[in-house]
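Residue numbers (the working numbering): 137 to 478.
Laid out in structure tokens, this is it:
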């Protein structure tokens with residue numbers, strides 16, 4: 137029988153308190169999970185020098201004690217494989233380090249991506265921005281205003297994407313200010329928020345945030361970043377119900393990760409859990425080739441095989457689009473599943 141870590145994380149605790157109650161030591165994380173004697177896991181401790189370990193206790197509470205293959209642990213624990221220099225992998229796989237103005241990426245014709253905040257609640261080991269120069273793209277009103285001036289001057293833009301880091305690391309009053317400014321720009325119709333915070337710390341979905349999004353003239357979409365059904369709990373479902381009631385469109389994108397969700401059955405469980413929470417599966421991304429994460433890669437052929445099987449397990453509307461992002465391309469690139477008519 138699985139034993140989940142028991143930690144003092146009240147579901148309605150202030151989200152900033154949960155954000156501060158974080159584990160940064162691989163040894164402490166392994167101790168909490170009764171894995172301190174697992175030599176293979178302990179061997180990866182020094183990888184925190186490459187990319188810091190950061191996991192809120194609220195997320196650790198969903199990990200299974202004594203299981204070295206726990207899918208949430210694998211996403212967050214340092215690994216000695218991060219020291220491998222893999223051919224074809226880079227520190228800037230999507231060619232993002234030349235922003236048009238500080239903190240604003242205008243990669244696609246009709247939409248721009250605003251790096252609202254550089255930090256995250258949890259450091260995912262596969263993060264494609266693990267090497268991004270956030271210090272040069274500070275999330276503050278001065279840089280936001282420069283970005284807003286650019287957005288105002290480009291009428292081809294109709295959608296702004298809040299990204300990061302994690303944009304919901306911004307406090308409610310900061311998001312209110314940004315929203316208010318965007319709402320004065322006539323050609324902006326939609327706001328898309330990409331965030332992992334609602335699944336890591338569901339208490340981030342505050343009453344104030346829900347009310348502000350409901351009042352916006354913009355169409356608001358929240359794209360959650362969830363990779364495994366074990367991440368989803370009752371607090372998350374309750375938070376999504378409140379967002380849905382406020383008229384926010386709820387989507388999810390996942391990354392296909394070796395050892396975490398690289399099977400059709402696991403992805404089917406995720407799609408079902410998402411749909412039950414009122415969230416539509418949207419994208420399944422092939423791993424971005426960021427240096428330090430090559431051990432998570434699933435080959436294109438393996439990915440196609442998984443997706444073809446997934447099509448037989450869930451309804452079509454619950455199958456995410458398999459895609460990859462290629463630096464310099466004007467859109468995401470769908471992967472052909474190579475289906476054949478009989």
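The beta carbon of each residue, even a glycine, is placed where N, CA and C say it ideally should be. Note that this is a predicted model, so its numbers are computed, not measured.
Output the distance between the C-alpha atoms of residue 343 and residue 248, rounded to the nearest integer angstrom.
Residue 343 and residue 248: Cα-Cα distance of roughly 28 Å.
With a cut-off of 8 Å, do at least 3 Cβ pairs link the region 169-189 to the region 277-290?
No, they do not touch.
Could you check where the beta strand (DSSP E) with residue 359 kicks off and where it finishes?
First-last of the beta strand (DSSP E) with residue 359: 355-361.
Residues in the same chain with beta-carbon distance under 6 Å from residue 209, minus the five sequence neighbours each way, listed in chain order, please.
Closer than 6 Å at Cβ, skipping near neighbours: 199.
Would you kindly work out how many angstroms separate the C-alpha atoms of residue 346 and residue 216, rounded to a whole number?
Using only the alpha carbons, I get a separation of about 41 Å.
Taking the alpha carbon of residue 413 as the point to measure from, which residue in 185, 401, 429 and 378 has its own alpha carbon closest?
The residue with the shortest Cα to Cα distance from residue 413 is 378.
For my contact list, residue 349 and residue 356 are in at a C-beta cut-off of 8 Å; report their separation, rounded to the angstrom.
Between residue 356 and residue 349 the Cβ distance is about 5 Å, and since that is below 8 Å, they are a contact.
Rounded to a whole number of angstroms, what is the C-alpha to C-alpha distance between residue 162 and residue 168?
Cα to Cα, residue 162 sits roughly 10 Å from residue 168.
DSSP on residue 270, reduced to helix/strand/coil?
A caution first: residue 270 carries a pLDDT of 48, below 50, which makes its placement in the model unreliable, though a value can still be read off. The answer is helix: DSSP assigns residue 270 an H, G or I state.
Alpha carbon to alpha carbon, how far is residue 382 from residue 226? Give it in angstroms, no decimals.
When rounded, the distance between both Cα atoms is 40 Å.
Do residue 406 and residue 123 have their beta-carbon atoms positioned less than 8 Å apart in this structure?
The displayed coordinates of the chain run from 137 to 478. Any statement about residue 123 would go beyond what the structure contains.
Specify the secondary structure class of residue 210 as computed by DSSP and reduced to three states.
Correct three-state label for residue 210: helix.
Taking the runs of the beta strand (DSSP E) that are 3 residues or longer, which of them lie wholly in the region 427-463?
Fully enclosed beta strand (DSSP E) runs of 3 or longer: 457-460.
Need the endpoints of the alpha helix (DSSP H) that residue 317 sits in, please.
Start and end: 308-319.
Could you work out which residue in 419, 432 and 327 is closest to residue 461 when comparing CA atoms only?
The shortest C-alpha separation from residue 461 is found at 419.
Looking only at DSSP bridge pairs, what is residue 248 linked to?
BP columns for residue 248 point to 296.
What separation, rounded to the nearest whole angstrom, lies between the Cα atoms of residue 252 and residue 321?
Each residue's Cα considered, the two are about 18 Å apart.
DSSP state of residue 385, grouped into three classes?
Correct three-state label for residue 385: strand.
Note the first and the last residue of the continuous alpha helix (DSSP H) segment covering residue 403.
Run containing residue 403: 400-412, per the alpha helix (DSSP H) assignment.
Leaving out five residues before and five after residue 270 in sequence, what residues of the same chain have Cβ atoms less than 7 Å from its Cβ?
Per-residue confidence for residue 270 stands at a pLDDT of 48, beneath the threshold of 50, marking its modelled position as unreliable; no derived number is given.
Can you tell me the Cβ-Cβ gap for residue 319 and residue 284, rounded? I've got them flagged as a contact below 8 Å.
Rounded, the Cβ-Cβ distance is 11 Å, inconsistent with contact.
Around the Cβ of residue 218, are there at least 16 other Cβ atoms within 10 angstroms (buried) or fewer (exposed)?
Looking at its Cβ environment, which holds 16 or more other Cβ atoms inside 10 Å, residue 218 is buried.
Among 395, 178 and 246, whose alpha-carbon lies nearest the alpha-carbon of residue 294?
Ranking the options by Cα distance to residue 294, first place goes to 246.
Does the Cβ of residue 262 have 16 or more other Cβ atoms within 10 Å, making it buried, or fewer, making it exposed?
With 16 or more other Cβ atoms within 10 Å, it is buried.
Could you give the residue range of the alpha helix (DSSP H) that holds residue 286?
Per DSSP, residue 286 belongs to the alpha helix (DSSP H) from 277-288.
Any idea if residue 205 is buried or exposed, counting beta-carbon neighbours within 10 angstroms, 16 or more meaning buried?
Residue 205 is exposed by the Cβ-count criterion.
According to the neighbour-count rule (16 or more other Cβ atoms, all chains shown, within 10 Å of its Cβ), is residue 211 buried or exposed?
Classification for residue 211: buried.
Using three-state DSSP, classify residue 151 as helix, strand or coil.
Three-state DSSP puts residue 151 in a helix.
So, using beta-carbon positions, are residue 459 and residue 431 closer together than 8 Å?
Going by C-beta atoms, residue 459 is not nearer than 8 Å to residue 431.
By Cβ distance, which residues of its chain are closer than 8 Å to residue 157, with the 5 residues on each side in sequence left out?
Once the five neighbours on either side are set aside, the close Cβ partners of residue 157 are 145, 192, 193 and 194.
Using three-state DSSP, classify residue 482 as helix, strand or coil.
Residue 482 lies beyond the stretch modelled for the chain, which goes from 137 to 478, so this question has no answer here.
Taking residue 427 and residue 222 to be in contact with their CB atoms under 8 Å, please state how far apart those CB atoms are, rounded to whole angstroms.
That pair is a contact at about 7 Å.
Report the rounded CA-to-CA distance for residue 474 versus residue 335, giving the unit in angstroms.
Each residue's Cα considered, the two are about 33 Å apart.
Whole angstroms are fine: how far does the CA of residue 402 sit from the CA of residue 408?
One C-alpha to the other measures close to 10 Å.
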